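Heads up, the thing below is written out as structure tokens.
In my numbering, the protein residues as written are 3 to 155.
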């Protein structure tokens, strides 16, 4: 862990998190044309359900390539985000999305139980994402229903 070089405000940390989310909607490219990986510290960690914990940019790149290969498109609903600030380096963003997975489309709330609702917990320091833990249902197309009897019609 590097020594903190400058203090960031909550709004500045939020801007880094937004840049990350918008890069996903843009195929992994930031607003400056850089790779999404440039938003991460060299020793950052990312967690994604059913993939696990990626340590460092190389593994994060593998995680994003693996997950990204299953997605045809994704759009985050920025106007509906809920932000929680801890007064430290932690920022939590809760939101919704829609898009198309290789197994089919999804839209948050259609139906209510299906994918599209998510929550990301970020640790952002020195303008870099140090940690991003992603909490969502990775069954984007809603195909895994047989194991859940309450989803039977």
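For glycine and all other residues, C-beta sits at the position ideal for the given N, C-alpha and C.
These numbers were taken from a predicted model, which means no experiment stands behind them.
- request: Report the three-state DSSP secondary structure of residue 83 (helix, strand or coil).
  value: coil
field: Euclidean distance between Cα positions of residue 35 and residue 23
entry: 14 Å
query: When the Cβ atoms of the stretch 108-122 are set against those of the stretch 134-145, are three or more pairs found closer than 8 Å?
result: yes
- prompt: At a cut of 8 Å, does the stretch 8-21 reach the stretch 78-97 through at least three beta carbon pairs?
  reply: yes
task: Compute the beta-carbon to beta-carbon distance between residue 43 and residue 130, rounded to the nearest angstrom, for a pair I have assumed lies under 8 Å.
output: Contact between residue 43 and residue 130 is confirmed by a C-beta separation of about 4 Å, below the 8 Å threshold.
Start-to-end residues for the beta strand (DSSP E) that takes in residue 74: Segment 73-78, the beta strand (DSSP E) holding residue 74.
- request: Can you tell me which of the three DSSP states residue 54 falls into?
  value: strand
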